[in-house]
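K.L.:
Okay, structure coming up:
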C-alpha cells in the first residue's frame, strides 16, 4: 500500500509541477486565475460544506480535523492512516450576447495523507490553488479582429498540517503551505494597411510570472454529543493575508501567423528590462480568508450544516498587471449541505452502507468587471461507495452550476462538473489479537 501510494504521489506531483490547465474560463484572465480548490469530493458533493469531520475521511480545509480520539467502537484502537486522491472533469458552455462556445478540462485536484499521533495528528499533500486557462479575442465595431489573448498556468501548493485534541469536544490545528507555480500571458496586436488587409507581420507581447511564498491556515472544530443519537458540530478557520514573490519577465516579438493553422513564427524578439520599472521582482498579496460553520446530525447516520466563508479579495494586488475595467471587492460563499447513510454497519446489504450527499452553494467571487459582480451558483450531488477494508470508499460527485453573466460584454458559463476520489484507510502497525 505504501509503495503504491508513493508512486501515485510522484505522478501527481509531476503533473501539477508541469502546470496542468485546470481552467477554460475567460475569468481566469484576471488576478492569479480562478480559485481552484473548494475541498475534497466529499466536501464539494455537499455544496462545499467542510464543517463535518470524522475518522475515515480527510478534511483538507480545516487542519483541526487531523486530530482525533481513539475509536471506542474498536476496542479503543488508534485511528487509521488516511489517504486520498481526487480528480475532476468539467464541461462548460460559454455564451455571450452574440456567440456560444464549449470547452472541457480534466485535472488531478488533490493528493494527501493523514497520520494519527495519539491526541495529535499530521497531514500533508499537494493541490492546486488557482488555475489560468483562457483564449480570448477582441474586435472593433466592424467586427475586425484587433487583439488575441491567451493564458495558462496557475498556483499550486504543498502543505503540512498538525492537529491536537485539546479536550473531548475541541480540536485545534494549523497548517503551513508553500505556494508555487507560474502564469504566462500573451497578447497579439493585429495590424492592417489602408485597404484593410492584414499586414504580414504582427506584434506579440509575452509576460511570465514565477510565483513562490508561504501561507498559513488555522482551524478549530467543536463537537458535542447531546445524546447518543444527536450531535452538534461547529468549525472555524482563518487564513491571514500573506505576500508571495513574483519573478517577472516580459518580451516583445515580431511574428508571422500561418492563416491556415494559426501557428506563430517568431521573426525577432526583444526582452524588456523590467528592473528599469522596478517590476523585475514584485510582491503579490494573497487575501485573508475566514470561515464559520455549524451542523447537526446523528453519528454515522445523517448530518446537515451551513457554512459561511469570507474572502477579503479587495486585498489582492498585482503591480505587473492592471486592468482598467476590472477590480476586486470582498468575496463570500454560503454553503448548505449534508449526507445520509441508511445503515453504516449493514455488512450483508451493500446499498445500505452507501453515503448519499447533496448541497448547494452561492458564491460572490469578488471580481467586478464592467460594473458587474461575477457570481457563481452550484447544486451538487454525490455518493460514497464502500470499497476495501476499514471503511475505505470511492466517492463520486456531480455539480451543475453557472458563473458570470451574458450582458455588459461579458460571458456566462454553464458548467457540469464530474468528480471522483478514493478515500482509503489502512493500518501501518496492528496489534495481534490472537497468538
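Numbering (the working numbering), first residue to last: 875 to 1309. Cβ coordinates follow ideal geometry from the N, Cα and C atoms, glycine included. Note that the structure is predicted; figures quoted are calculated from it, not measured.
How would you call residue 963, buried or exposed, if buried means at least 16 neighbouring beta carbons within 10 angstroms?
P.N.:
Here residue 963 is taken as the residue at index 89 of the chain shown, counted from 1. Exposed, by the Cβ-count rule.
K.L.:
With DSSP as the reference, identify every bridge partner of residue 1076, one or two as the case may be.
P.N.:
Within the chain shown, the letter at position 202 stands for residue 1076. Beta-bridge pairing links residue 1076 to 1129.
K.L.:
Looking only at its own chain, which residues have a Cβ that is under 6 Å from the Cβ of residue 1180, when we skip the five neighbours before and after it?
P.N.:
To locate residue 1180, count along the chain shown from 1; it is residue 306. Cβ neighbours of residue 1180 beyond the five flanking positions: 1210.
K.L.:
What residues match up with residue 1116 in a beta bridge as DSSP calls it?
P.N.:
As a first step, residue 1116 must be located in the chain shown, where it is residue number 242. Residue 1116 pairs with 1160.
K.L.:
Distance, Cα to Cα, residue 1123 vs residue 1061?
P.N.:
Within the chain shown, residue 1123 is the residue found at index 249, counting from 1. Within the chain shown, residue 1061 is the residue found at index 187, counting from 1. One C-alpha to the other measures close to 14 Å.
K.L.:
What do you reckon, are the CB atoms on residue 1213 and residue 1231 nearer than 7 Å?
P.N.:
Reading the chain shown from its first residue, position 339 is the one you call residue 1213. Reading the chain shown from its first residue, position 357 is the one you call residue 1231. Cβ atoms of residue 1213 and residue 1231: closer than 7 Å.
K.L.:
Please classify residue 1292: does DSSP put it in a helix, a strand, or coil?
P.N.:
Taking the chain shown and counting its residues from 1, the one referred to as residue 1292 is at position 418. Residue 1292 falls in the strand class under three-state DSSP.
K.L.:
Would you check if the region 1254-1274 and the region 934-941 touch, i.e. whether three or more CB-CB distances between them fall below 8 Å?
P.N.:
No, the region 934-941 does not touch the region 1254-1274.
K.L.:
Would you report the Cα separation of residue 1142 and residue 1161, rounded to the nearest angstrom?
P.N.:
Walking along the chain shown from the start, residue 1142 turns up at place 268. Walking along the chain shown from the start, residue 1161 turns up at place 287. In a straight line, the C-alpha of residue 1142 is about 39 Å away from that of residue 1161.
K.L.:
With a CB to CB cut of under 7 Å and the five nearest residues on each side skipped, what residues in its chain are close to residue 1087?
P.N.:
Position 213 of the chain shown, counting from 1, holds the residue named residue 1087. Correct list, in chain order: 1053, 1116, 1117, 1118 and 1119.
K.L.:
Skipping 5 residues on each side, what residues in its chain have a beta carbon closer than 7 Å to that of residue 1199?
P.N.:
Residue 1199 sits at position 325 when you count from the first residue of the chain shown. Taken in chain order, the residues that qualify are 1243 and 1244.
K.L.:
Look up residue 1285 in the DSSP assignment and say whether it is helix, strand or coil.
P.N.:
Taking the first residue of the chain shown as position 1, residue 1285 is located at position 411. Of the three classes helix, strand and coil, the one that applies to residue 1285 here is coil, per DSSP.
K.L.:
Looking at C-alpha atoms only, which residue of 1158, 903, 1104 and 1248 is the closest neighbour of residue 1206?
P.N.:
Taking the chain shown and counting its residues from 1, one reaches residue 1206 at position 332. Residue 1248 is the option with its Cα nearest to residue 1206.
K.L.:
If I measure Cβ to Cβ from residue 1176 and keep anything under 6 Å in the same chain, skipping five residues before and after, which residues do I get?
P.N.:
Translated into the one-based positions of the chain shown, residue 1176 becomes position 302. Excluding sequence neighbours, residue 1176 sits near 1214.
K.L.:
So, does the region 1089-1099 touch the region 1043-1053, judging by three or more C-beta pairs under 8 Å?
P.N.:
As far as the Cβ criterion goes, the region 1089-1099 touches the region 1043-1053, which means the pair count is three or higher.
K.L.:
Excluding sequence positions up to five away, which residues of its chain have a Cβ less than 8 Å from the Cβ of residue 1105?
P.N.:
Reading the chain shown from its first residue, position 231 is the one you call residue 1105. Cβ within range, chain order: 1097, 1098, 1099, 1170, 1171, 1172 and 1173.
K.L.:
Roughly how many angstroms separate the alpha carbons of residue 969 and residue 1013, rounded to a whole number?
P.N.:
Taking the chain shown and counting its residues from 1, one reaches residue 969 at position 95. Taking the chain shown and counting its residues from 1, one reaches residue 1013 at position 139. The straight-line gap from Cα to Cα measures roughly 17 Å.
K.L.:
Have a look at residue 917 and residue 1082 and give me their C-alpha separation to the nearest angstrom.
P.N.:
Numbered from 1 along the chain shown, position 43 holds the residue referred to as residue 917. Numbered from 1 along the chain shown, position 208 holds the residue referred to as residue 1082. Taking the straight line joining both Cα atoms gives about 33 Å.
K.L.:
Using a threshold of 7 Å, state whether the C-beta atoms of residue 1114 and residue 1010 are closer than that.
P.N.:
The residue you call residue 1114 lines up with position 240 of the chain shown. The residue you call residue 1010 lines up with position 136 of the chain shown. Not a contact, by the Cβ cut-off of 7 Å.
K.L.:
Going by the beta-carbon positions, is the gap between residue 1301 and residue 954 smaller than 7 Å?
P.N.:
Locating residue 1301 in the chain shown gives position 427, counting from the first residue. Locating residue 954 in the chain shown gives position 80, counting from the first residue. Against a cut-off of 7 Å, the Cβ pair of residue 954 and residue 1301 comes out as a contact.
K.L.:
Between the beta-carbon of residue 986 and the beta-carbon of residue 932, is there less than 7 Å?
P.N.:
What you label residue 986 is simply residue 112 of the chain shown in a count that begins at 1. What you label residue 932 is simply residue 58 of the chain shown in a count that begins at 1. Yes, they are a contact pair.
K.L.:
Considering only residues of the same chain and omitting the five flanking positions on each side of residue 1238, which have a CB-CB separation below 7 Å?
P.N.:
In the chain shown, the residue the question calls residue 1238 occupies position 364. Contacts found: 1205, 1206, 1247 and 1249.
K.L.:
Could you pull the start and end residues of the alpha helix (DSSP H) that residue 916 belongs to?
P.N.:
Residue numbering aside, residue 916 sits at position 42 when the chain shown is read from its first letter. Here the alpha helix (DSSP H) through residue 916 covers 915-918.
K.L.:
Apart from the five residues on each side of it in sequence, which residues of its chain come closer than 6 Å, Cβ to Cβ, to residue 929?
P.N.:
Locating residue 929 in the chain shown gives position 55, counting from the first residue. Same-chain partners within the cutoff: 942 and 953.
K.L.:
Which full runs of the beta strand (DSSP E) of 3+ residues lie inside the region 986-1066, going along the chain?
P.N.:
The region 986-1066 contains these whole beta strand (DSSP E) runs: 994-1013, 1019-1039 and 1044-1063.
K.L.:
Between the beta-carbon of residue 992 and the beta-carbon of residue 1006, is there less than 7 Å?
P.N.:
Your numbering for residue 992 matches position 118 in the chain shown. Your numbering for residue 1006 matches position 132 in the chain shown. Not a contact, by the Cβ cut-off of 7 Å.
K.L.:
Helix, strand or coil for residue 843, going by three-state DSSP, please let me know.
P.N.:
A query on residue 843 cannot be resolved here, the shown segment of the chain reaching from 875 to 1309 and no further.
K.L.:
When burial is assigned at 16 or more other CB atoms within 10 Å of the CB, is residue 1293 buried or exposed?
P.N.:
The residue you call residue 1293 lines up with position 419 of the chain shown. Buried is the call here.
K.L.:
Kindly indicate which residue of 1030, 1031, 1047 and 1032 has the alpha-carbon position closest to the one of residue 1038.
P.N.:
Numbered from 1 along the chain shown, position 164 holds the residue referred to as residue 1038. It is 1047.
K.L.:
So who's on the other strand from residue 1187, going by DSSP bridges?
P.N.:
Residue 1187 sits at position 313 when you count from the first residue of the chain shown. Answer by DSSP bridge pairing: none, since residue 1187 is not bridged.
K.L.:
Using three-state DSSP, classify residue 1223 as helix, strand or coil.
P.N.:
One-based indexing of the chain shown puts residue 1223 at position 349. In the structure shown, residue 1223 sits in coil (DSSP, three-state: anything other than H, G, I, E or B).
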